[in-house]
Each structure stands twice: as structure tokens, then as C-alpha cells.
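Residue numbers (the working numbering): 794 to 1005.
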């Protein structure tokens, strides 16, 4: 997947910068800012915040609300780190003219776009996840998804925008997971809206019937 490949590239480059700096310090030939290589490593680790958050919550009981806040927070941390890395590597590319610095600056921009694409979808109040078993496999079903869940923007009566994962979805148990571009396909579906309307109406009727 593109997101993980870019994070791996950024981590390799950051570690190589740190080792190069340590070697230069040991030789007494380093004249730059020692903070920058450490900052590159820490910011690169922040790019993988959704990955680390996913593993952190695997063995811990976390409420759905807390899980969703953690997921969105990890994505904001990722986009902030990507912007800062773009600035740092862009400055180094301008100053030193090295090819790998230019590549890292471009990779940072792409990662920032990936995070922005996800945040624009999951940060809306009508965003959530839906189990695909609510879809009836009949001729009216226009949602093609072989995964267990969909990301949706649901508003009663209007076609529902949906995204189906084709790769890894981080924080998949959260109502606002991280589904990195381009590892999904999507569209809009009135059939999905109808199915969700029926579930919502049934839940409301059940709730009313249980009230004294």
C-alpha cells in the first residue's frame, strides 16, 4: 500500500540521516544542528501514528468514543508531522541539492494529502461505519464490497456516499477509522440509504415501544 511504502521510505531516510550525523559527531567533523536528525526521526514516527495506535488498542479495552477520538487524533498528528517534514526536507533539498531530500519532501506532501483525504471524510458529523451484511444481495444492490464494513456519509433519504476498503484500514473498530488513499473504492448509493433508513426506523420504533 502506498501509505506504508512512503512511511518506510521516510523512516529509512531519517535513520540514515541520524546514523550519518552520529558518525560525523564521532569523527569531530559535524558542524550542523544536532537537533534536526532527531526531529526527523520523531516526526517520521508520527507519520505512522495510526499504525501504532492500532496496535496500542488491540490488547486494551477502549470505548468506541475514545477509539474514534484516538483515531482522529492520530491522523491529525500524522498530517502535522508530514507538513513539518516537508518543510525540513524542502529546506535541505534547497540548501544541499540532494536528490533524496527532494524525494522526501515530495513523499511528505503525498502523505499529507493521504491524511487530509481521510480526515475530510471521517471528520464530518454524518460519517461512520456500517456492516455490509445490512445490504440485500438483490438486483437493487449497487454497492460492490467484499469487506465486512463500509465507511459512509449517511443522511436519511439522500444517496449515501460510501468507501469500501481494498487494503489495510487502521483503527477499523472505530467509527472514524483511517482508510488511506488509494486503498479503497467508493460511490453513492440510494439502496444503501434505504437499508439504513429501515434500520434507523426500526430502532426508533423499538426505542419508543420500550419507553413507559
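From the three backbone atoms N, C-alpha and C, an ideal C-beta is built for every residue, glycine too.
Computed from a prediction, not measured in an experiment: that's the story for all the values here.
Got a sec, what are the start and stop residues for the alpha helix (DSSP H) residue i sits in?
i, result
"residue 958", "Here residue 958 belongs to no alpha helix (DSSP H); instead the beta strand (DSSP E) covers 953-958."
"residue 797", "795-820"
"residue 859", "857-889"
"residue 832", "828-840"
"residue 911", "892-915"
How many angstroms separate the CA atom of residue i from the CA atom of residue j?
i, j, result
"residue 1001", "residue 991", "Bear in mind that a pLDDT of 49 at residue 1001, under 50, signals an unreliable position, so the model cannot answer this."
"residue 919", "residue 818", "53 Å"
"residue 950", "residue 795", "35 Å"
"residue 868", "residue 833", "18 Å"
"residue 894", "residue 808", "13 Å"
"residue 928", "residue 968", "19 Å"
"residue 821", "residue 814", "10 Å"
"residue 952", "residue 976", "22 Å"
"residue 901", "residue 994", "45 Å"
"residue 872", "residue 983", "33 Å"
"residue 852", "residue 961", "19 Å"
"residue 963", "residue 912", "13 Å"
"residue 800", "residue 948", "35 Å"
"residue 858", "residue 971", "15 Å"
"residue 942", "residue 827", "46 Å"
"residue 865", "residue 798", "21 Å"
"residue 889", "residue 879", "15 Å"
"residue 847", "residue 891", "35 Å"
"residue 804", "residue 810", "10 Å"
"residue 863", "residue 926", "27 Å"
State the beta-bridge partners of residue i as determined by DSSP.
i, result
"residue 950", "Residue 950 pairs with nothing; no bridge assigned."
"residue 963", "971"
"residue 942", "924"
Could you spell out the range, first to last residue, of the beta strand (DSSP E) harbouring residue i?
i, result
"residue 981", "977-982"
"residue 922", "920-924"
Contact defined as beta carbons within less than 8 Å: I believe residue i pairs with residue j. What is the distance between those atoms, to the nearest angstrom?
i, j, result
"residue 955", "residue 907", "Not a contact, Cβ separation roughly 19 Å."
"residue 806", "residue 897", "5 Å"
"residue 978", "residue 959", "6 Å"
"residue 985", "residue 936", "5 Å"
"residue 1007", "residue 875", "Given a span of 794 to 1005 for the chain in the structure shown, any question on residue 1007 remains unanswerable."
"residue 850", "residue 838", "Not a contact, Cβ separation roughly 17 Å."
"residue 981", "residue 957", "Between residue 957 and residue 981 the Cβ distance is about 13 Å, and since that is not below 8 Å, they are no contact."
"residue 829", "residue 881", "7 Å"
For the segment 879-895 against the segment 843-854, do three or more pairs of beta-carbon atoms, one drawn from each stretch, fall closer than 8 Å, so that the two count as touching? no
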